[in-house]
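In what follows, a single structure is set out as structure tokens and then discussed.
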Amino acid sequence: MEETVVASPQQPCLRRSVRLAGRMRSQNYRAIPKVMNLRRSTRLAGIREHATSVVVENGTRLQSAVQKKRTRKVKPAPKAWMANNTKCLLGHLNNGNVKQLQEIPGIGSKTASILALHRSRLGCFKNLIEVKSLPIWSGNKWKRFSQINCLDT
Numbered sequence: 169m170e171e172t173v174v175a176s177p178q179q180p181c182l183r184r185s186v187r188l189a190g191r192m193r194s195q196n197y198r199a200i201p202k203v204m205n206l207r208r209s210t211r212l213a214g215i216r217e218h219a220t221s222v223v224v225e226n227g228t229r230l231q232s233a234v235q236k237k238r239t240r241k242v243k244p245a246p247k248a249w250m251a252n253n254t255k256c257l258l259g260h261l262n263n264g265n266v267k268q269l270q271e272i273p274g275i276g277s278k279t280a281s282i283l284a285l286h287r288s289r290l291g292c293f294k295n296l297i298e299v300k301s302l303p304i305w306s307g308n309k310w311k312r313f314s315q316i317n318c319l320d321t
């Protein structure tokens, strides 16, 4: 009769660092109930809420940290926006080279080169009425250009 030795199942010996980390984790999050049925986002929200809470000086009440509200940018008044748009467009027309003029919607290569030629001969445009009075705007071309670029003329 042979005698067989059956080893009893032992729990694996964990490293000290793993044991300490587990102990610290249980101390830090013991206020949070561990529910495994919840979605991951819900569990993380609970952990984040616990992490952002701040202890008040007397230590009796928890107060959640106040986060800044995101506010929308205030839109400028329509007239101010139109004036700024007109000013920017005039700046591009007066200072841009042919390639930069072609980047403006509604201006192709021919129109850009003619605008640059007029600007070099006559000087800078003072307002949009001067630009509108140029002979390059045939038919409804100026009306289409002003609609594309949100101009009020």
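In this note's numbering, the protein residues as written are 169 to 321. Virtual Cβ for every residue (Gly too), placed ideally from N, Cα, C. Remember, predicted model here, so these are calculated numbers, not experimental data.
Query                                                                                           : Result
Alpha helix (DSSP H) segment containing Val242, residue limits                                  : Careful: Val242 lies outside any alpha helix (DSSP H) and carries neither H nor E.
Cβ-based neighbour list, Ile282, same chain, cut-off 7 Å, excluding 5 preceding and 5 following : Ile304
Contact set for Asn317: own chain, Cβ-Cβ below 8 Å, skip 5 residues either direction            : Asn253, Leu257, Ile272, Pro273 and Gly274
Phe313, DSSP secondary structure in three states                                                : helix
Pair within 7 Å by beta-carbon distance, Leu261 and Phe293                                      : yes
Extent of the continuous alpha helix (DSSP H) to which Ser281 belongs                           : Ser277 to Leu290
Where Lys294 sits in the DSSP three-state scheme                                                : coil
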